[in-house]
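> Residue numbers (our numbering): 836 to 1511.
1) Beta strand (DSSP E) containing residue 805: first to last residue?
2) Between the Cα of residue 1465 and the Cα atoms of 1352, 847 and 1397, which residue gives the shortest distance?
3) What three-state label does DSSP hand residue 841 in the structure shown?
4) Would you call the CB atoms of residue 1075 and residue 1145 closer than 8 Å?
5) With a 10 Å radius around its C-beta and 16 neighbouring C-beta atoms as the bar for buried, classify residue 1368 as buried or exposed.
6) Excluding the 5 residues flanking residue 840 on each side, which residues of the same chain have their C-beta closer than 6 Å to its C-beta?
7) Please name the residue or residues paired with residue 1381 in a DSSP beta bridge.
8) Going by C-alpha to C-alpha distance, which of 857, 855, 875 and 881 sits closest to residue 843?
9) Taking a contact to mean a Cβ-Cβ separation below 8 Å, would you say residue 876 touches residue 1049 in this structure?
10) What does the alpha-carbon distance come out to for the pair residue 878 and residue 1202?
11) Just tell me which of 1327, 1063, 948 and 1173 has its CA closest to the CA of residue 1158.
12) Name the residue from 1378, 1180 and 1224 whose alpha carbon lies nearest to the alpha carbon of residue 1471.
13) Start and end of the beta strand (DSSP E) containing residue 1275?
14) Can you tell me which residues form a DSSP beta bridge with residue 1461?
15) For my contact list, residue 1236 and residue 1080 are in at a C-beta cut-off of 8 Å; report their separation, rounded to the angstrom.
16) Take every Cβ of the segment 1408–1415, pair it with every Cβ of the segment 1261–1280, and state whether three or more of those distances are shorter than 8 Å.
17) Give me the Cβ distance between residue 1429 and residue 1448, rounded to the nearest whole Å; I'm assuming they're in contact under 8 Å.
18) With a floor of 3 residues, list each beta strand (DSSP E) that falls wholly inside the segment 1408–1446, ordered by position along the chain.
19) Do you know how far the Cα of residue 985 is from the Cα of residue 1071?
20) Buried or exposed: residue 1495, going by 16 or more other Cβ atoms within 10 Å of its Cβ?
21) Does the Cβ-Cβ distance between residue 847 and residue 884 come in under 8 Å?
22) Do residue 1187 and residue 1147 count as a contact pair if the criterion is CB distance below 8 Å?
23) Is residue 1292 closer than 8 Å to residue 1267 when the C-beta atoms are compared?
24) Using alpha carbons as the reference points, say which of 1165, 1142 and 1177 lies closest to residue 1154.
25) DSSP three-state label for residue 1029, please.
26) In the DSSP output, which residue or residues are listed as bridge partners for residue 1013?
27) Return the chain-ordered list of same chain residues with a C-beta closer than 7 Å to the C-beta of residue 1018, the five sequence neighbours on each side being excluded.
28) Using the C-alpha atoms, what's the distance from residue 1016 back to residue 1003?
29) Expressed to the nearest angstrom, what Euclidean distance is found between the alpha-carbon atoms of residue 1380 and residue 851?
30) Kindly say whether residue 1200, judged by its beta-carbon, lies nearer than 8 Å to any beta-carbon of chain C.
31) First and last residue of the alpha helix (DSSP H) that includes residue 1290?
32) Say whether the segment 855–871 touches the segment 907–914, bearing in mind that this needs 3 or more beta-carbon pairs closer than 8 Å, one atom from each stretch.
33) Touch check for the segment 1321–1328 and the segment 1210–1225: three-plus C-beta pairs under 8 Å?
34) Closer than 8 Å is the cut-off here; do at least three beta carbon pairs connect the segment 1204–1213 with the segment 1271–1282?
35) Grab the span of the beta strand (DSSP E) containing residue 1229 for me, first residue to last.
36) Exposed or buried, residue 1347, counting other C-beta atoms within 10 Å across all chains shown (16 or more means buried)?
Structural data, given as structure tokens:
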């Protein structure tokens, strides 16, 4: 697969995601003409791009879909549940067809034939289609008004290297209506310097069409980044029917004049014949599409972003070495320069890592679709509400978060939300609700998934936990402690495990996946009121602001956002503490003696430090030998040697070249709380 096919796959994936999102919106408002037009445009773009880059199966398949939605767009057909069902299935199939070898797969090939049969049957069988009555048809049909567009298209010289022939694009434009095309050949070199694989030509094109500017723009969707492109709507009538205007255009072309907005306006205003009954003028503000005013972002491969982030990480480490050198050698002259470089490095770090952040809305369409399909499968009425879709997370976190959230949502639909009859008997609204919200909290992001379904029966959890000997029969446990048991491997209270999910089955996998991305997952539930799952995640996995500490000769870093306070105590106070409990500010606080946890030999210091770390209502102390200060840690993965040490999440290189281990404070708090 060449680079340009890879680029098409990226672009097509985005288009298919946009198509799915538009279809979900269209399902809620079947008469929305803007959504219908958007669906048609996306299909048109997929068809054109597929044919251009060798994905002929995508092109031909999408052409059949486009035919149906052209009928819908013109008002001759209505959007129905049957049509949407076929289209959603087609979206899934289009994703599978992005593999160039897809049709070598028997199952995909079979699906291809089945869907094509359904699409053709939909077009042929009147009883499958709900026709629009004549009154509606009159309202929805286009008035057929022609518009005149001026298009300037100057492709990159290397455009044909990726298999794109710009003449195909010109032909597609001309298929929209009547046109007047002028090639600009001024850049064609002498024959001795001519390269047949290069494109030296640009085009001025006047197009008369009832299409809107978006459809014209879509023709160039796969080449606009490598081209100079301008699309201007210059009139709401056919200028080519006016001989004076045509003569004027030819005259300016022969004189090799450029067609800027002033010239375009004067071409028409000076030549249009004024009539008493009707005066035709050009809008003072021409509607212009140019690459410069539309493209506010560029597509960059994730590999390049990863490489940039690695380089910035190395810069952070180098800057720390410089700061250490200045401090150790009393280089006061360099001190100001070192501080300045430190500030710039921090700003560069923050800006660079913001590039890798993507909004969580990128995965929400999948959840909307999942709930739609499962609601239909289980015959449940469910509304999916989202809040904070613009909240951004590191792309690695998004990738690691998608599967756990999918499982949680499946659980809510399958075992949480009740059928309509059951909800009505309970006095609830017949429509269940799943609410997903995301928001920032300090240096973290909180994601909350809440349903208003059955909730979890704590007593059933208690009985099952006793059966599996996970709790003591004579000990009282809080509801929170009982709910935490659900995250243990293999635990489930579900009587019937379905193909979709099983409340509890797989929740240990959810927790493990969240742990892997340094997150915390909390479960709250009330019987007959619903279940809420809260996930707390760091903004990025690459760099943390940490507290550098020392135990014996080994240095450690713990995330600074969890650190509450630091205290110093005589060693004997820890040594004599009963059940690892020490009094801090008049309150009993459990502590984790890290020297013992890491099996570090040697005599402890006479004075040690207790670092109070806090998350929500949980507070524990971590005991270390020394506190060295704040440190900006660039995280590096650990090898197999530390795989068994779950409370160590990574390592970092200090300014003097030594290694410090990064403590997973999240896991320490949770594991210590559970053991307690």
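Note that the Cβ used here is the ideal one computed from N, Cα and C, for glycine as well.
So, from the data block:
1) Past the edges of the chain, shown from 836 to 1511, lies residue 805, and the structure says nothing about it.
2) For residue 1465, the nearest C-alpha among the options comes from 1397.
3) DSSP, reduced to helix, strand and coil, places residue 841 within a helical segment of the structure shown.
4) Annotated as distal: residue 1075 and residue 1145, with beta-carbon spacing of 8 Å or more.
5) By the 10 Å Cβ count, residue 1368 comes out buried.
6) Result list for residue 840: 888, in chain order.
7) Per the DSSP secondary-structure output, residue 1381 pairs in a beta bridge with 1394 and 1466.
8) That would be 881, whose Cα lies nearest to the Cα of residue 843.
9) Against a cut-off of 8 Å, the Cβ pair of residue 1049 and residue 876 comes out as a contact.
10) Rounded to whole angstroms, residue 878 to residue 1202 spans 22 Å at the Cα level.
11) It is 1173 whose Cα lies nearest to the Cα of residue 1158.
12) Nearest C-alpha to residue 1471: 1378.
13) Looking at the DSSP string, the run of the beta strand (DSSP E) that includes residue 1275 is 1267–1276.
14) Its beta-bridge partners are 1385.
15) Going by Cβ atoms, the distance from residue 1236 to residue 1080 rounds to 58 Å, so no, they are not a contact pair.
16) Counting Cβ pairs under 8 Å, fewer than three are found: no touch.
17) No, residue 1429 and residue 1448 are not in contact; Cβ-Cβ is about 12 Å, not under 8 Å.
18) Restricting attention to beta strand (DSSP E) runs no shorter than 3 residues, the segment 1408–1446 encloses them at 1416–1419 and 1422–1428, ordered along the chain.
19) Cα to Cα, residue 1071 sits roughly 12 Å from residue 985.
20) Around the Cβ of residue 1495, a 10 Å sphere holds 16 or more other Cβ atoms; the residue is buried.
21) The answer is yes: Cβ separation under 8 Å.
22) Less than 8 Å separates the beta-carbon of residue 1147 from that of residue 1187.
23) Going by beta carbons, residue 1267 and residue 1292 fall outside the 8 Å limit.
24) Looking at the Cα atoms, 1177 is the closest of the given residues.
25) Secondary structure of residue 1029 (DSSP, three-state): coil.
26) Bridge partners of residue 1013: 1043.
27) If we look at residue 1018 and ignore the five residues flanking it on each side, its Cβ neighbours are 1036 and 1038.
28) Cα to Cα, residue 1003 sits roughly 14 Å from residue 1016.
29) For residue 1380 and residue 851, the distance between alpha carbons rounds to 39 Å.
30) Protein chains in the displayed structure number just one, and chain C is not present.
31) For residue 1290, there is no enclosing alpha helix (DSSP H), as DSSP gives it neither H nor E.
32) Touching, per the Cβ criterion.
33) Between the segment 1321–1328 and the segment 1210–1225 there are fewer than three C-beta pairs closer than 8 Å, too few to call the two in contact.
34) These segments do not touch.
35) Counted as a single uninterrupted DSSP element, the beta strand (DSSP E) harbouring residue 1229 occupies residues 1227–1229.
36) Result: exposed.
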